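First up is the structure itself, then whatever we jot down about it.
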Amino acid sequence: MKKQNRPLLHRLICLLMALHVINLSVDAPDNYLSAFQIGHHEDLSVNDIESLSELLLEEVFGFTNAVPEHDEQDGDSSLTESGEDYIFAQSFFFSPFLSPPHYLVADPIPYPFTSVPTPVADIVAPPPRFAA
824 MKKQNRPLLH
834 RLICLLMALH
844 VINLSVDAPD
854 NYLSAFQIGH
864 HEDLSVNDIE
874 SLSELLLEEV
884 FGFTNAVPEH
894 DEQDGDSSLT
904 ESGEDYIFAQ
914 SFFFSPFLSP
924 PHYLVADPIP
934 YPFTSVPTPV
944 ADIVAPPPRF
954 AA
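Under the numbering used here, the first residue of the sequence shown is numbered 824, with each subsequent residue one higher.
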C-alpha cells in the first residue's frame, strides 16, 4: 500500500513545483523607458495579470479586481540590472613573429632517380600438375 502512494506523491510535488514556476513566470517586467528615470511609475488603472492565482480568480472564476493592483519595482533582480562596462585602452600588444611568405612554385621540381643495387629475384615455381 505504501508503494502505491509514492508515485501519486511524486506527481503531486512535481505538479506543485510546475505551478510555482508558472506563477513566477507570468509577471513580465514593465516596459519603462529607462531604469534611471525618476517619477515614472506603472499605470495602476490597467489591470495587469501578475500571477497565476490572479489569472484564475479574475479570468476563470470571474471575480473582478480580486487582487488589488500595486506598483512594484521590477528592477530588484541583479539579473535585470544593467551593469557598467569598463573599457581599458591597451597600451601595448604582443604580435607573433611573422616569417616571410613562401610562394608556390609552378615549375616542375626535378626528382633524382635512384637505382636499386640488387635486382629482384624471379620466383621459381614448380610446373602445374595435371589431374588424370
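Virtual Cβ for every residue (Gly too), placed ideally from N, Cα, C.
None of these values were measured; they are calculated from a predicted model.
Asked	Found
By the DSSP assignment, the alpha helix (DSSP H) with E877 in it spans what residues?	875-878
Can you tell which of D871, L867, F953, S876 has its C-alpha closest to the C-alpha of V844?	S876
What is the rounded straight-line gap between the Cα of F884 and the Cα of L878?	9 Å
Just how far apart, CA to CA, sit I945 and V928?	Residue identity differs from the one stated: residue 945 is Asp in this sequence, not Ile. If you take the alpha carbons of D945 and V928, they lie about 42 Å apart.
May I ask you to report which of helix, strand or coil DSSP gives N846?	helix
To the nearest angstrom, how far is it from the Cα of H833 to the Cα of M840?	11 Å
Consult DSSP for E882 and reduce its assignment to one of helix, strand or coil.	helix
Exposed or buried, which one is T937 when buried takes at least 16 other CB atoms within 10 Å?	exposed
The ligand MG and P891: does the residue's C-beta get closer than 7 Å to at least one heavy atom of that ligand?	Although the ligand MG was asked about, the structure shown includes no ligands whatsoever.
Do you know how far the Cα of R829 is from the Cα of A858?	Reliability of the predicted coordinates at A858 is poor, the pLDDT of 49 falling under 50, and the value obtained from them is presented with this limitation in mind. Spanning the two alpha carbons is a distance of roughly 48 Å.
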